[in-house]
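See structure below.
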RNA sequence: GAGUGCGUAGCUCAGCCGGUAGAGCACCUGACUUUUAAUCAGGUGGCCGAGGGUUCGAAUCCCUCCGCGCUCACCA
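Numbering (the numbering used here), first residue to last: 20 to 511.
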């Protein structure tokens, strides 16, 4: 990479010269293996009562990245995955050959140190070096030690630097990993099967969103990167799996901001003989699991506001919330015309051909979402915007669908899944007509999916959870770019 | 997509009513077996994001482009 060779070429040259000096001594600066016997944290724990200015006879070896060098190498701060341990090099104890290696150590190098455990006069637990092993000579300098790396561009493009110098970055990504693992385990404990379904799809479906399109050469066929796995997971239900879930990447060709990344991690769950109320309980369990593993409590603070993820959450019909926050009872509005007039009166813009349900949803988004700080299941969505959901058993204008909101963000989306093949075919046909008329986001007709339903799908509850959003909330309202290791960036 | 701010040394940042480039850290040399953002003295290092324009003279003013941030729009 020509570019990296130009970065700090002077400091790089100094380090290259040191690398050559190591090689001249017969030292491999990139050895195959090193096996430390201790970590910073294990030493801190084991020797927490060791008095100042005391050296033990315990010989250990530690390994990590050099982050600071003081007093011409007498004190070196070594960081491993567990924290910091100081390396103390007293000339009277360090063999001359080891001192030569020490002189060739720079900040940023990865080294292994063997020696006796000691606490210095000033109280810093240290390893009194007897042998110093270069494990990886760094050729490029690290960002500044005190201010770290603040340039967001560099932080995202060179995330490894962000992780090395900014102390919050790695723990956040580690918590992401633990949250996903814990949620996965919880679902496995529920008896669900984790499955994988196609990311390359010939027909896009399961959501309304603009897709990425790619091309398969051998088949000479365009394929969509999935916007959702829904229609394939339901095929597995038809095939007889009683409960499935998938955690994986979805791709949507839409805007990028602090809450949206073109590729994001979605979790979808389907369980037979469940309806949407069962999914509400399941969502609460997922959120609690995530919060507990990350923070040890279900309470989180976002912008100074305490939010408790402990269930059960209130269940509020969309129309009730609209009535509360906008003062209009849409359930009492009978016609599309009257609904549009009501929306207009509230200053909510709707299309000229907007139906009753479109108006209700538009008013909800404009007037209600911003108030939904504490967890709430918004239930009973209008039918027209939910082509994969069963009609509400008590009101045919609605469907049995809910979205869970936390911190005003939509966190999850769940249905009593539509299983009637004739109804499904008609609703997808309406979507497909919109798609053919130019609505890139509308669903397409998936004949095979409908055929699957024609073979019979048991009553099923389904739940989708935006894993990134969940992590953003659990970790205190972070940007999606802080919880995705490598967010999508423009080509530089 | 719109508005707005930013882009100067490896990193963090000054300089911006035009006059030829600065600091701290890092790096190099030296001092100090002392430290913990070690300290002290000296030094190296810049196509001032790219291109064009105005001007005797541009990091600074103007235009275009590139990249990033924020707000809004879009977005289940």
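Backbone N, C-alpha and C fix where the C-beta goes; we use that ideal spot for every residue, glycine too.
If you drop the 5 nearest sequence neighbours on each side, which residues of the same chain put their C-beta closer than 7 Å to that of residue i?
i           : result
residue 393 : 326
residue 427 : 388, 389, 391, 392
residue 495 : 319, 320, 321
residue 502 : 191, 195, 487, 490, 491, 494
residue 167 : 184, 185
residue 429 : 422
In or out: residue i buried (at least 16 other Cβ within 10 Å) or exposed?
i           : result
residue 47  : exposed
residue 289 : buried
residue 165 : exposed
residue 280 : buried
residue 29  : exposed
residue 324 : exposed
residue 198 : buried
residue 345 : buried
residue 145 : buried
residue 425 : buried
residue 396 : buried
residue 68  : exposed
For residue i, which residues of its own chain have a beta-carbon under 8 Å away from its beta-carbon, when the five flanking residues on both sides are left out?
i           : result
residue 316 : 310
residue 214 : 252, 255, 260, 263, 264, 265
residue 505 : 175, 178
residue 277 : 498, 499, 500
residue 361 : 347, 349, 352, 378, 382
For the beta strand (DSSP E) that residue i lies in, which residues bound it at each end?
i           : result
residue 235 : 231–235
residue 120 : Note, residue 120: premise wrong, no beta strand (DSSP E); alpha helix (DSSP H) at 115–122.
residue 101 : Segment: none, residue 101 is in no beta strand (DSSP E) and carries neither H nor E.
residue 286 : 282–291
residue 400 : 395–401
residue 143 : Unbroken run through residue 143: none, as it is neither H nor E.
residue 254 : Element bounds for residue 254: not the beta strand (DSSP E) but the alpha helix (DSSP H), 249–257.
For a test of the three-state rule: what should DSSP assign to residue i, helix, strand or coil?
i           : result
residue 445 : helix
residue 165 : coil
residue 152 : strand
residue 508 : coil
residue 267 : strand
residue 212 : strand
residue 350 : helix
residue 334 : strand
residue 409 : coil
residue 108 : coil
residue 273 : coil
Output the boundary residues of the alpha helix (DSSP H) element that contains residue i.
i           : result
residue 204 : 188–208
residue 298 : 295–314
residue 376 : 375–386
residue 13  : Any question about residue 13 goes unanswered here, given that the chain covers just 20 to 511.
residue 42  : 28–43
residue 61  : 59–65
residue 364 : 355–364
residue 54  : Per DSSP, residue 54 belongs to no alpha helix (DSSP H) and is neither H nor E.
Considering only residues of the same chain and omitting the five flanking positions on each side of residue i, which have a CB-CB separation below 6 Å?
i           : result
residue 120 : 151
residue 93  : 108
residue 298 : 433, 480, 482
| Contained alpha helix (DSSP H) runs [length at least 4] in the region 428–499, N- to C-terminal order | Whole alpha helix (DSSP H) segments, 4+ residues: 440–455, 466–473, 486–493.
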